[in-house]
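In the working numbering, the protein residues as written are 221 to 526.
Have a look at the structure below before the remarks.
Structure follows, in structure tokens:
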């Protein structure tokens with residue numbers, strides 16, 4: 221079966237900035253695929269190319285077999301797009317926004333109501349309220365409803381949970397799972413590493429390059445260095461010190477400890493001796509299991525060392 225999204229050797233430059241560097245991967249039909257990375261990593265540029273809003277400098281992109289450059293009209297018919305910034309009409313009500321987008325795609329709210337009913341029922345009590353006066357979570361639900369109103373086969377979501385509360389984030393991902401179960405292919409970008417575990421597969425992207433693509437479980441399973449949670453009396457000094465230590469691959473703050481990965485030549489005992497020699501007090505070093513963020517930081521360190 222042909223993939224829903226096929227990206228082949230895509231490059232995109234903005235002046236001297238290489239936004240996308242030879243990007244290639246495929247998303248299978250009905251898959252919930254995550255694009256994980258920090259701001260400036262290339263996620264939005266790639267999504268604008270997927271939605272035919274940008275043309276790549278080189279390479280080829282297709283959605284459901286349609287070329288995003290040569291067949292952009294067909295691509296737009298089968299694609300639902302939710303950009304990172306709320307882009308609906310602030311002065312129109314909830315219902316007016318939804319009707320407007322339905323009209324653009326030659327449909328009605330009633331025709332595809334079954335697809336959005338689980339989402340729309342949460343915002344229907346506010347259907348007469350102007351979109352600009354909605355809370356962040358309600359704006360998010362309205363934007364998703366508008367992206368789905370024409371029953372797209374591919375749903376593209378650019379950092380949809382940025383800036384919303386934890387409860388709204390959880391509700392949003394529950395909605396995505398329901399949409400996936402209805403056969404919609406979903407590709408979603410996020411800077412939140414914890415959301416990676418909710419995807420079927422994820423691509424870790426940094427500076428326009430794909431560092432790894434796999435299931436969340438496989439990415440964590442491929443973490444090949446011992447990882448420790450390290451604390452001391454002065455955490456700021458400790459982080460700077462760990463970053464410069466021989467045998468330390470990466471060190472980053474995570475909650476109340478510093479996640480520190482060591483090379484094969486390093487050990488917790490040696491690290492503790494070094495920190496004691498550096499006058500650190502109240503040192504604690506404990507072995508921990510890696511998460512997606514640890515994997516990302518380790519890969520990013522390797523990229524920067526190239």
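Built from N, CA and C at the ideal position, the CB exists for glycine as well.
Note that the coordinates shown come from a computational prediction; the quantities given were computed from them, not determined experimentally.
Of the listed residues the options, nearest to residue i (C-alpha basis)
i, options, result
"residue 230", "222, 269, 264, 360", "269"
"residue 284", "423, 302, 373", "373"
"residue 224", "478, 312, 246", "246"
"residue 323", "339, 292, 371", "371"
"residue 442", "450, 449, 432", "432"
"residue 447", "295, 279, 482, 320", "482"
"residue 332", "383, 313, 402", "402"
"residue 531", "496, 498, 424", "This structure gives no information on residue 531, because the portion of the chain shown stretches from 221 to 526."
For residue j and residue i, the rounded distance between their alpha carbons
i, j, result
"residue 504", "residue 476", "12 Å"
"residue 391", "residue 494", "46 Å"
"residue 309", "residue 461", "50 Å"
"residue 238", "residue 409", "19 Å"
"residue 459", "residue 274", "40 Å"
"residue 510", "residue 258", "19 Å"
"residue 264", "residue 412", "15 Å"
Expected contact under 8 Å - CB spacing of residue i and residue j to nearest Å
i, j, result
"residue 548", "residue 415", "This structure cannot speak to residue 548, because the chain is shown only from 221 to 526."
"residue 386", "residue 306", "Residue 386 to residue 306, Cβ: 19 Å. No contact."
"residue 368", "residue 335", "5 Å"
"residue 430", "residue 407", "That belief does not hold up - the Cβ atoms of residue 430 and residue 407 are roughly 13 Å apart, past 8 Å."
"residue 300", "residue 426", "Going by Cβ atoms, the distance from residue 300 to residue 426 rounds to 27 Å, so no, they are not a contact pair."
"residue 278", "residue 292", "Not a contact, Cβ separation roughly 17 Å."
DSSP-derived helix/strand/coil call for residue i
i, result
"residue 268", "helix"
"residue 431", "strand"
"residue 416", "helix"
"residue 384", "coil"
"residue 275", "coil"
"residue 454", "coil"
"residue 389", "helix"
"residue 289", "coil"
"residue 283", "strand"
"residue 371", "coil"
Chain C within 8 Å of residue i, Cβ atoms only
i, result
"residue 486", "You won't find chain C in this structure, because it holds only one protein chain."
Start and end residues, alpha helix (DSSP H) containing residue i
i, result
"residue 357", "356-368"
"residue 224", "Careful: residue 224 lies outside any alpha helix (DSSP H) and carries neither H nor E."
Delimiting residues of the beta strand (DSSP E) encompassing residue i
i, result
"residue 299", "299-302"
"residue 323", "Residue 323 -> not in any beta strand (DSSP E); alpha helix (DSSP H) instead, spanning 314-324."
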